[in-house]
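Count along the sequence shown starting at 1, add 7, and that's the number in our numbering. From the three backbone atoms N, C-alpha and C, an ideal C-beta is built for every residue, glycine too. As structure tokens, the structure follows; a few thoughts come after it.
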Amino acid sequence: MAQKHDKKTLERMIKGTLKWEELKPIIAGEKDKERFSMILELLQERVDWNEPIILPLHEHLYIVAKNNQRIVKCDCGYEFGDYRENWKTKCRIRIRDTPESIEELYPKYMGCDTEWLELREFFCPGCFTLLETESVPPGYPVIFNFLPDIDTFYEKWLGEKPPDKLK
Numbered sequence: 008m009a010q011k012h013d014k015k016t017l018e019r020m021i022k023g024t025l026k027w028e029e030l031k032p033i034i035a036g037e038k039d040k041e042r043f044s045m046i047l048e049l050l051q052e053r054v055d056w057n058e059p060i061i062l063p064l065h066e067h068l069y070i071v072a073k074n075n076q077r078i079v080k081c082d083c084g085y086e087f088g089d090y091r092e093n094w095k096t097k098c099r100i101r102i103r104d105t106p107e108s109i110e111e112l113y114p115k116y117m118g119c120d121t122e123w124l125e126l127r128e129f130f131c132p133g134c135f136t137l138l139e140t141e142s143v144p145p146g147y148p149v150i151f152n153f154l155p156d157i158d159t160f161y162e163k164w165l166g167e168k169p170p171d172k173l174k
């Protein structure tokens with residue numbers, strides 16, 4: 008049977024203030040049905056915009072329903088567009104591809120060989136929050152991390168009608 012978690016515990020989980028002993032059973036245990044809706048409610052309370060969050064996508068990023076569409080939106084309100092497109096392509100990107108730029112992060116000889124690897128940092132154009140990093144060979148395409156099947160998740164896992172189902 009799934010263990011029920013109160014809203015305060017889930018809020019502490021989102022903030023990252025739970026001790027491992029409290030967090031481990033939440034991660035490893037069976038999920039209770041109400042937890043997802045409580046998480047969405049908590050996340051919605053943290054943002055200053057009204058579009059309903061359909062799915063948390065990444066730290067600071069959400070898939071939201073807006074004008075009968077599903078888009079990616081940042082905490083700050085910046086909109087990246089359709090969730091089926093790679094949100095990273097709309098970011099401000101810093102590419103660390105020189106020994107000097109790598110040494111800003113790593114001690115000398117501890118970073119990557121810039122002939123073999125570059126570090127990409129993706130920042131929100133609205134608030135300049137660092138959203139993601141990639142470590143890839145030079146010239147490698149921008150990685151599309153995750154394309155959720157929202158309808159299947161809502162219908163099969165939650166047993167609910169998907170919000171603002173696209174036609």
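Runs of alpha helix (DSSP H) with 4 or more residues, each lying fully within the region 17–58, are found at 27–35, 40–53, listed in chain order. At a Cβ-Cβ threshold of 8 Å, T140 and L126 count as neighbours. I78 sits away from I157, with the two beta carbons spaced by 8 Å or more. In this structure, P63 and L49 do not form a Cβ contact; the two beta carbons are roughly 10 Å apart against a cut-off of 8 Å.
Closest by C-alpha distance to P145, out of T121, H65, D82, is T121. The count of Cβ pairs closer than 8 Å, one atom from the region 20–38 and one from the region 104–116, stays below three, leaving the stretches out of contact. DSSP places L154 in the coil class of the three-state scheme, outside both helix and strand. CA-CA distance, P169 to N57, rounds to 18 Å.
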